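Undergrad: As you go down the protein sequences, you meet chains A and B in turn. Per my numbering, the first sequence starts with residue 1, numbered consecutively. Per my numbering, the second sequence starts with residue 113, numbered consecutively. Note that beta-carbon positions come from the ideal geometry of N, C-alpha and C, so glycine has one too. Here the structure is a predicted model, which is why all the values come from computation and not from measurement.
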Amino acid sequence: NAGVMQNPRHLVRRRGQEARLRCSPMKGHSHVYWYRQLPEEGLKFMVYLQKENIIDESGMPKERFSAEFPKEGPSILRIQQVVRGDSAAYFCASSPDRDRQYFGAGTRLSVL
Amino acid sequence: RKEVEQDPGPFNVPEGATVAFNCTYSNSASQSFFWYRQDCRKEPKLLMSVYSSGNEDGRFTAQLNRASQYISLLIRDSKLSDSATYLCAVINTGGFKTIFGAGTRLFVKA
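1) Within the chosen definition, does the region 93 to 102 of chain A reach the region 171 to 191 of chain B through at least 3 CB pairs nearer than 8 angstroms?
2) Is Ala-214 (chain B) close to chain A? Criterion is C-beta to C-beta, closer than 8 angstroms.
3) Which one of A:Asp-99, A:Arg-98 and A:Asp-86 has the shortest CA to CA distance from Val-111 (chain A)?
4) Give the residues of chain B in contact with Tyr-102 (chain A), contact being defined as C-beta atoms less than 7 angstroms apart.
5) Taking the alpha-carbon of Val-162 (chain B) as reference, which of B:Val-220, B:Phe-172 and B:Arg-153 has the nearest alpha-carbon?
6) Considering only their Cβ atoms, is the gap separating Thr-210 (chain B) from Gln-118 (chain B) smaller than 8 angstroms?
7) Less than 8 angstroms between CB atoms is the rule here; does Ser-161 (chain B) satisfy it with respect to chain A?
8) Does Ser-144 (chain B) come out as helix, strand or coil in the three-state DSSP assignment?
9) Counting pairs of Cβ atoms below 8 angstroms between the region 100 to 110 of chain A and the region 147 to 156 of chain B, do you hit three or more?
So this is what it looks like as structure tokens:
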């Protein structure tokens with residue numbers, strides 16, 4: 001059973017470009033979470049989704065950030081018009097039961 | 113005040129030592145508690161859930177103290193491979209958001 005798959009592992013963007021981060025949950029998991037982690041800091045919750053629904057996006061900035069988890073395909077975290085402050089590690093986690101979470105290896109976004 | 117707080121450490125202990133970490137939470141409505149470990153530049157990995165009655169998994173024991181609003185993790189007979197950052201996580205009743213502490217760093221030395 002493959003784990004949570006995130007791609008790309010590393011993403012470099014120039015200021016003003018768009019970043020798309022993908023997350024395929026573990027088989028049988030219908031709950032997906034996105035987190036951001038800055039160096040030497042803890043994980044910050046961004047958004048929680050179930051298939052085709054955003055359940056809680058209280059941790060996501062109101063502008064430039066969006067997330068989806070379509071019926072078919074991976075969950076996508078999209079950051080428009082990236083700025084240097086968006087540079088971070090973005091982790092996705094999936095869960096079978098909304099509690100225990102299994103993390104992907106993360107996407108490290110660098111904004112030049 | 114942060115909703116979930118941990119001593120950042122680092123804790124430097126010799127192999128074979130017993131070490132304990134605490135994690136305090138401020139929301140009395142918190143219902144689910146977990147410990148994760150995170151190695152440098154890697155993803156967090158679920159270590160164990162924390163139940164009201166306490167639970168043990170090999171050398172690791174987790175406890176919950178609702179009255180004082182903290183959870184603890186005890187590691188016995190520390191191994192070099194236990195060196196990592198230990199994150200506690202809390203989910204509030206009726207909520208979906210998981211709140212992580214900033215982590216406690218552990219170094220186990222030979």
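TA: To lay it out plainly:
1) no
2) yes
3) A:Asp-86
4) Leu-158
5) B:Phe-172
6) no
7) yes
8) strand
9) yes
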